[in-house]
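Residue numbers (UniProt numbering): 1 to 238.
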């Protein structure tokens, strides 16, 4: 059985993480191989309209995945996802949380969606021509580094206009929290940070100046992990 840590990519964007490219129909087929409620919600969060979830789209996506060796069959009627498609399918089944990263500005519609499962994160980012780049990130401290790096890249891109960047964590049990952050206009090394409504009762406004380390602590707190080790926090006893 292919596990996230054994995953071998068939394409790369030149970064350190294994990545792959998926067309819109391919991604939809992989996610909905087992159309659980969380899988359907994931498709909705990625912007799939209900009209797209039909037999024609699945035929196109399935045919392409089969040609790439991402689907196998023993009887010519039942097709099972393997390799990367199986990873996406299993992630959608046992999903713990959705992590959304984007900017509040002209490119707000280009938010990246992360599927948090076990100790790994699968990042799904829009790419040209209606496709997606899917990246596997192992868990632990490295996961915090990756999310922090993506946040920093978004902040750098938004710096000229000063647009806030948002990071949202929504757990399958419907608990959610949102962080808004942007560079402080008078301090290049500082950030303005605020937590959204429902997160420690703070309103969604940028009202405080925090250091980069504090931003990391915010992220760790939202993910429910230790800021130094990246390991999940123990649930309170009793």
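Cβ atoms here follow ideal geometry from the backbone N, Cα and C, with glycine treated the same way.
Excluding residues up to 5 positions away in sequence, 96 and 97 lie with their Cβ nearer than 7 angstroms to the Cβ of residue 171 in the same chain. Secondary structure in the segment 25 to 82: the beta strand (DSSP E) runs of 3 residues or longer, each lying completely within the stretch, are 71 to 73 and 79 to 81 in chain order. In the three-state reduction of the DSSP assignment, residue 122 falls in the strand class.
Where residue 94 is concerned, there is no enclosing beta strand (DSSP E), because DSSP gives it neither an H nor an E.
Between the segment 141 to 156 and the segment 75 to 90 there are fewer than three inter-stretch CB-CB distances shorter than 8 angstroms, so the stretches are not counted as touching. In the displayed model, residue 228 falls within coil according to three-state DSSP, outside both helix and strand. For residue 141, the enclosing alpha helix (DSSP H) stretches over residues 141 to 158.
Burial is judged here by how many other beta carbons sit within 10 angstroms of a residue's own beta carbon; residue 61 has at least 16 and is buried. In this structure, the beta-carbon distance from residue 80 to residue 99 does not fall below 8 angstroms.
Annotation: residue 214 to residue 190 spans about 10 angstroms, alpha carbon to alpha carbon.
If you compare the alpha carbons of 47, 224, 219 and 29 with that of residue 125, the shortest gap goes to 47. Closest in alpha carbon position to residue 94, among 74, 65, 119 and 78, is 119. Under DSSP, residue 138 shares a beta bridge with 120.
Residue range 165 to 171 is occupied by the beta strand (DSSP E) that includes residue 165. Residue burial annotation: residue 104 is exposed, with fewer than 16 other C-beta atoms found within 10 angstroms of its C-beta. Partner residues in the beta bridge of residue 181, as assigned by DSSP, are 165 and 193. DSSP places residue 111 outside both helix and strand once states are collapsed to three, so it counts as coil. Using a Cβ-Cβ distance cut-off of 8 angstroms, the segment 128 to 141 and the segment 57 to 75 are not in contact, since fewer than three pairs of beta carbons, one from each stretch, lie closer than that value.
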